[in-house]
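Student:
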Amino acid sequence: MISDCLSKPGYLFGHNAVLPKPELFSGQNAIVAVNVHMGHNQEDSLVMNRASLERGMFHSEHIRSYKAGVDNKELTDKRRESEDSITFGKIQSKIGRVVSLDDDGFPFIGANIQSGDIVIGKCAESGTDHSVKLKHMERGIGPESSIVI
């Protein structure tokens, strides 16, 4: 983000350690002013614009990626039986809830994912569950899923 209203126009935020963690910067700046109202100091109050809060000011998001792979049977283990192939899909799991999964095994777009939900449904034909579960005490909304081969 480049400033265009501060004392140094064109100064890049996050440069020279101005921000301690620029990768977590939300991209919005609050302009703060101290006013004296009719001679009284308002040091115990904070005046905010409701529309700014509703548009997401002071909200942040943290994006986490999950990935799962399927091993190539010919390269990794010749002893593995053909019935033990791993597939992605929505299967009933003993380790978590699958209500936010689509038929392909990934969360559908806009799914409300809570703690204890499965984010990647993966199962072997022998019945072994290889699903990836959301970390404890995390929640989120299912974005677009991407499959990289």
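Residues in the sequence shown are numbered from 0 upward in steps of one, following numbering that gives the first Met the number 0. Even glycine gets a Cβ: it sits at the ideal position worked out from N, Cα and C. Everything numeric in this text was worked out from a predicted model, so none of it was measured.
Given Ser84, which residues of its chain have a CB within under 6 Å of its CB, disregarding the five upstream and five downstream residues?
Tutor: Reading the sequence shown from its first residue, position 85 is the one you call residue 84. These residues qualify, in order along the chain: Glu124.
Student: Just to confirm, is the Cβ distance from Ile94 to Gly141 under 8 Å?
Tutor: Here the question's residue 94 lines up with position 95 in the sequence shown. Here the question's residue 141 lines up with position 142 in the sequence shown. Not in contact: Ile94 and Gly141 (Cβ atoms no closer than 8 Å).
Student: So what does DSSP say about Arg54, is it helix, strand or coil?
Tutor: Against the sequence shown, residue 54 aligns to sequence position 55. Here Arg54 sits in coil by DSSP.
Student: Going by beta carbon distance, what residues of the same chain come within less than 6 Å of Leu74, once the five residues before and after it are set aside?
Tutor: For the purposes of this step, residue 74 is identified with residue 75 of the sequence shown, where counting begins at 1. Reliability of the predicted coordinates at Leu74 is poor, the pLDDT of 45 falling under 50, and no value is obtained from them.
Student: Unbroken alpha helix (DSSP H) runs of length 4 or more, entirely within the region 90-148: which are they?
Tutor: Counting whole runs of 4 or more residues, the region 90-148 contains no alpha helix (DSSP H) stretch at all.
Student: For Ile85, write down the residues that DSSP places opposite it in a beta bridge.
Tutor: As a first step, residue 85 must be located in the sequence shown, where it is residue number 86. DSSP lists Ala123 as partners of Ile85.
Student: Should Leu52 be labelled buried (16 or more other beta-carbon atoms within 10 Å of its own) or exposed?
Tutor: Counting from 1 along the sequence shown, the entry for residue 52 is found at position 53. Exposed, by the Cβ-count rule.
Student: So what's Arg63 in DSSP terms, helix, strand or just coil?
Tutor: Counting from 1 along the sequence shown, the entry for residue 63 is found at position 64. In the structure shown, Arg63 sits in coil (DSSP, three-state: anything other than H, G, I, E or B).
Student: Alpha carbon to alpha carbon, what distance is there between Phe87 and Arg96?
Tutor: If you number the sequence shown from 1, residue 96 lands on position 97. If you number the sequence shown from 1, residue 87 lands on position 88. Using only the alpha carbons, I get a separation of about 15 Å.
Student: Can you tell me whether Phe57 is buried or exposed, with buried defined as 16 or more other CB within 10 angstroms of its CB?
Tutor: What you label residue 57 is simply residue 58 of the sequence shown in a count that begins at 1. So Phe57 counts as exposed.
Student: State the Cα-Cα distance for the pair Leu100 and Arg54, rounded to the nearest angstrom.
Tutor: As a working note, residue 100 is residue 101 in the sequence shown. As a working note, residue 54 is residue 55 in the sequence shown. Computed Cα separation, rounded: 29 Å.
Student: What residue from Ala50, Ala67, Met47 and Glu137 has the CA that sits closest to Asn111's CA?
Tutor: Within the sequence shown, numbered from 1, the residue matching residue 111 stands at position 112. Here the closest residue by C-alpha is Glu137.
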